[in-house]
Amino acid sequence: MITLYGTYRSRATRNIWALSELGLQWQLRPVIQAYRLEARGTDPHAPTAPLNTLSAEFLRLSPAGAIPVMEDGGLVLSESLAINLYLAKKAGGPLAPKDAQEEALMLQWALYGATSIENDALEISFAYAKGEDFPEARQKIVDAAADRLARPFAVLESHLATHSHMVGGRFTVADINMAEVVRYAQPHLPLMERFERVKRWLDLCQSRPAFREMWRKRLDEPA
Ligand SMILES: N[C@@H](CCC(=O)N[C@@H](CS)C(=O)NCC(=O)O)C(=O)O
Numbered sequence: 068m069i070t071l072y073g074t075y076r077s078r079a080t081r082n083i084w085a086l087s088e089l090g091l092q093w094q095l096r097p098v099i100q101a102y103r104l105e106a107r108g109t110d111p112h113a114p115t116a117p118l119n120t121l122s123a124e125f126l127r128l129s130p131a132g133a134i135p136v137m138e139d140g141g142l143v144l145s146e147s148l149a150i151n152l153y154l155a156k157k158a159g160g161p162l163a164p165k166d167a168q169e170e171a172l173m174l175q176w177a178l179y180g181a182t183s184i185e186n187d188a189l190e191i192s193f194a195y196a197k198g199e200d201f202p203e204a205r206q207k208i209v210d211a212a213a214d215r216l217a218r219p220f221a222v223l224e225s226h227l228a229t230h231s232h233m234v235g236g237r238f239t240v241a242d243i244n245m246a247e248v249v250r251y252a253q254p255h256l257p258l259m260e261r262f263e264r265v266k267r268w269l270d271l272c273q274s275r276p277a278f279r280e281m282w283r284k285r286l287d288e289p290a
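As numbered in our numbering, the sequence shown has no gaps in its residue numbers, which increase by one up to the final residue, 290.
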């Protein structure tokens, strides 16, 4: 049985979405971010604290102290995007790479998302999570992140002008990985409206029942 360590309010959503699409048997072992506990006034080191990213038991699995982590038959794997690529190969089927070339392209897009998009998209996500009102300093952070994202979003836009999906002309794990990175920038409408194909592709990915179910459960989890 596959065990996923994490929460719905973390990058574990990527794996939860993929696990559901792939029809794999799995269980969730809740591990909360230490900073969330601290924000609630709970000491993450307290003996009564729930399992968290600073718990000794969890640090044995993840020296980085970060969720998600996946355990499967002795394999302990971190890095959400790598976990998804593993899960797709394990399950096979249309979401998985059909050959070495597709696998290379899926890896290429996962690395592009992680290195060229995620950090700036996260800046936008954090800024919007603080509320709808935008003091000038926060607006500047969002505008600068959106400016930096224009280049990688143009790369996606031009890819989607000639391809229906990230890889292989069908919905695959490469779409899940990229959609979950691009999602962080989604609240910034001026950016999404500028890149119409990216917006359309993201909407399509997020219309899948497996995404919707994951999202519903995420919203049910305390912030
Ligand atoms: N690149 C890693 C990032 C993992 C990561 O930063 N996870 C955050 C939650 S989404 C975390 O566990 N932070 C722990 C903490 O700050 O205590 C991945 O994609 O899995």
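Think of the CB as a built atom: it goes at the ideal place given N, C-alpha and C, for glycine as much as any other residue. Because the structure is a prediction, the values reported are computed rather than measured.
Start-to-end residues for the beta strand (DSSP E) that takes in residue i
i    : result
T70  : 69 to 73
Q94  : 93 to 97
E288 : Note, E288: premise wrong, no beta strand (DSSP E); not H, not E.
E138 : 136 to 139
V234 : Neither: V234 is in no beta strand (DSSP E) and is coded neither H nor E.
L144 : 142 to 145
Enclosing alpha helix (DSSP H) for residue i [first to last residue]
i    : result
E169 : 167 to 179
S87  : 79 to 89
E105 : 101 to 106
E263 : 263 to 273
C-beta contact flag for residue i and residue j at 8 angstroms
i    : j    : result
P130 : L71  : no
A252 : C272 : no
L269 : A213 : no
N82  : L154 : yes
I150 : L142 : no
E224 : F262 : yes
P97  : T74  : yes
T80  : M281 : yes
L148 : F238 : no
L152 : L174 : yes
Inter-residue spacing [alpha-carbon to alpha-carbon] between residue i and residue j
i    : j    : result
R279 : E288 : 14 angstroms
M137 : Y179 : 22 angstroms
F220 : A113 : 44 angstroms
E203 : Y195 : 13 angstroms
G236 : T229 : 10 angstroms
R76  : A290 : 7 angstroms
R103 : A211 : 27 angstroms
Contact belief for residue i with residue j at Cβ below 8 angstroms, rounded distance in angstroms
i    : j    : result
T120 : G132 : 5 angstroms
Chain C contact for residue i (CB, 8 angstroms cutoff)
i    : result
L104 : Among the protein chains of the structure shown there is no chain C, as only one such chain exists.
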